[in-house]
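S.K.:
Okay, here's the thing in structure tokens:
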């Protein structure tokens, strides 16, 4: 079986194990909040009819594999998988409002469909539910997992605050951009990759290695996402072509381009000084960034962090059969179009 | 010393004990989020200059007293006091956006001043921080307290969802209104009143009695608040006169009026069917509600729940010197203008 097929198989198996627990938790919500949450998660359409189910479920899969990596059955990781998925969805629901994004995965976002008030409240409900899932374990391991999840979310929120602050800046540095990606994307992926092992009572070194793996997968994944946000096929990404540049998002390719040449930096800054970019300006900016070698630099960044992530798996106490699967999932999500 | 003076003294003492811990926690936030949170909490003005500090701090005071009520020093309740205050502020920040309220305590709300995106994110940060404060204890009592707080917040959020659903209804029943008040206000006050005892490892019966006390204080407090929202002095309440009716809020007095007479119900429903109420309509509705005896009924409701709350304090295992203080604080917050 080829690598991609194995990876998607691992993700599907995780989904089968996690979905019932996730659906059961969503059923405890207020009916209005449940409906919006199930729509967001792709279980139902806006009118309540069943839908195919969206999302690859990378975070829950990492949580299950991390339990198995320290020798526990995948089931031990299920509360971690559910909690981390709920926390991810909470952040997407609120980020979509904050960023004014009207589309996600080819469908209207929750705030665009149900209103901002409802979308705020659903997000709040999912954050609370995520904490409850872990605390309901009422075990020391559940407490440690709850602690880890809350810490990751605090970092993720600070990263979003940095992102908002950056909106009013004309320049962005590569370090700054990397720090933001580590906070916004890396923290929760790191948590996902360690949470199952934490729930399984895995030894501290193994848990730390898995957390490190997840953090670097996060950085690699974000770099790939940034490349797709500029050069990706909108029918695949689900976002309009060039939308990241049109809304002047300070992504890694932009940061690399500004660092590469002062002429490029000057021209991009001038473009970013005014309102949103029109189609011609997006084309010009895309061209500038590519010619500055920033696409290559971002792809190299993604590969480097993927390699660092994979190296972290080479740690005593992790089952090599399971780390093989973690490797395939990481490669799958970090090599989408590269 | 008269009763009110003792109650305000108890609240001030609690503030002195809780404020440093609260301020230290806020200092861990992203600078932009910290600034907005400190503004919301009344520590600073919009321009960053120091302010008098707002809020009576009823919830933190209850948390401290509940630790003392089961024989522990007040300090044991401090993490509970901080957590419950942060959770209350999280809910205010988001509710102000959802309700479109531009003023709170005579100042612009956070969303009105810093924007909706920032206000969403600050609220999220405070919810996360509240969970962290309890989990950071890393004790069984901290876990039990975290569990109780998350459960209370889940109920509070469901109550807000009910409130939103009710907006599009013309009628409201007394039971429905009471259930909503129990969820939106009672759940967190109940949690506050039990959280210190939970952290102190108080016995289950004592903790349950304190939770019961807080739940009924919440119902009484909400009824008083509803009366003030219609007949209160706006210079005291900090809200425009008649704003609850102008925005067609389905409060307890409205529910009692609709239950009292079908003529009153019909006329109020007709008013609630259209857009927001103008000044003349607010006056007419106020008159209708008063003549239906609904102000008296709401005040009787408030007194009855205050009495139930006080009766709950008469439980073995609670220190009578401390329950005396709990009684005075409850009377103080539930008898504001009655």
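Protein chains in written order, with the working numbering: chain A, 31 to 368; chain B, 31 to 368. Ideal Cβ placement from N, Cα and C applies to all residues, glycine included.
#1: On the three-state DSSP scale, how would you describe residue 90 of chain B?
#2: Do the segment 96–112 of chain B and the segment 43–62 of chain B meet, that is, are 3 or more Cβ pairs less than 8 Å apart?
#3: Using only the alpha-carbon positions, how far apart do residue 107 of chain A and residue 323 of chain B sit?
#4: Within this structure, are the beta carbons of residue 222 of chain B and residue 100 of chain B separated by less than 8 Å?
#5: Output, in sequence order along the chain, the residues in the segment 182–201 of chain A whose CB is closer than 8 Å to any CB in chain B.
#6: With DSSP as the reference, identify every bridge partner of residue 74 of chain B, one or two as the case may be.
#7: Decide if residue 103 of chain A is buried, meaning its Cβ has at least 16 other Cβ atoms within 10 Å, or exposed.
#8: Please report the straight-line C-alpha distance between residue 258 of chain A and residue 267 of chain A, rounded to a whole angstrom.
#9: Can you find a C-beta in chain A that's less than 8 Å from the C-beta of residue 155 of chain B?
#10: Residue 368 of chain A CB to nearest chain B CB: under 8 Å?
#11: Examine chain A for any beta-carbon lying closer than 8 Å to the beta-carbon of residue 147 of chain B, and answer yes or no.
#12: Measuring alpha carbon to alpha carbon, tell me which of B:199, B:249, B:177 and B:255 ends up nearest residue 209 of chain B.
#13: Can a CB atom of chain B be found closer than 8 Å to the CB of residue 168 of chain A?
#14: Over the uninterrupted alpha helix (DSSP H) stretch that includes residue 201 of chain B, give me the two end residues.
#15: Using a Cβ cut-off of 7 Å, pull out every chain A residue sitting near residue 165 of chain B, in sequence order please.
#16: Nearest to residue 353 of chain A by CA position, among A:94, A:77 and A:75, is which residue?
#17: Decide if residue 157 of chain A is buried, meaning its Cβ has at least 16 other Cβ atoms within 10 Å, or exposed.
#18: Within the continuous alpha helix (DSSP H) that includes residue 112 of chain B, where are the two ends?
#19: Once the 5 residues before and after residue 35 of chain A are set aside, which same chain residues still bring their CB inside 7 Å of it?
#20: Whose Cβ in chain A lies nearer than 8 Å to the Cβ of residue 124 of chain B?
#21: In whole angstroms, what separates the C-alpha of residue 214 of chain A from that of residue 60 of chain B?
#22: Using the Cα positions of residue 360 of chain A and residue 304 of chain A, report the straight-line distance between them to the nearest angstrom.
#23: Check residue 366 of chain A in the structure and name its three-state DSSP category.
#24: So with Cβ pairs under 8 Å, would you call residue 274 of chain A a contact of chain B?
#25: Check whether the segment 61–72 of chain A and the segment 129–144 of chain A are in contact - that is, three or more C-beta pairs closer than 8 Å.
#26: Quick one: give me the first and last residue of the alpha helix (DSSP H) that residue 40 of chain B is part of.
#27: Between residue 220 of chain B and residue 182 of chain B, is the Cβ-Cβ spacing less than 8 Å?
#28: Considering only the beta carbon of each residue, do residue 180 of chain B and residue 118 of chain A sit closer than 8 Å?
#29: With 8 Å as the threshold, decide whether the Cβ of residue 62 of chain A is near any Cβ in chain B.
#30: Checking contacts by CB at 8 Å: is residue 132 of chain B closer than that to chain A?
#31: Would you mind telling me which residues of chain B sit closer than 9 Å to residue 118 of chain A, beta carbon to beta carbon, in chain order?
#32: List in chain order: all unbroken alpha helix (DSSP H) runs of 4+ residues lying wholly within the segment 186–265 of chain B.
#33: In or out: residue 58 of chain A buried (at least 16 other Cβ within 10 Å) or exposed?
#34: Can you tell me whether DSSP reads residue 146 of chain A as helix, strand or coil?
#35: Taking the straight line between their C-alpha atoms, what separation do you get for residue 39 of chain B and residue 82 of chain B?
#36: With three or more C-beta pairs closer than 8 Å as the rule, is the segment 307–323 of chain A touching the segment 267–276 of chain A?
M.R.: This is what the structure holds:
#1: helix
#2: yes
#3: 57 Å
#4: no
#5: 183, 184, 187, 188, 190, 191, 192, 194 and 195
#6: B:80
#7: exposed
#8: 7 Å
#9: yes
#10: Note that residue 368 of chain A scores a pLDDT of 45, beneath 50, so its modelled location is shaky; the value from the coordinates is reported in the next line. Cβ-Cβ to chain B under 8 Å: no for residue 368 of chain A.
#11: yes
#12: B:249
#13: yes
#14: Neither: residue 201 of chain B is in no alpha helix (DSSP H) and is coded neither H nor E.
#15: 173, 176, 177 and 180
#16: A:94
#17: buried
#18: 108–129
#19: none
#20: 150, 151 and 154
#21: 13 Å
#22: 38 Å
#23: coil
#24: no
#25: yes
#26: 33–56
#27: yes
#28: no
#29: yes
#30: no
#31: Within 9 Å Cβ-Cβ: nothing; residue 118 of chain A doesn't reach chain B, min ~13 Å.
#32: 204–211, 217–229 and 234–261
#33: exposed
#34: helix
#35: 17 Å
#36: yes
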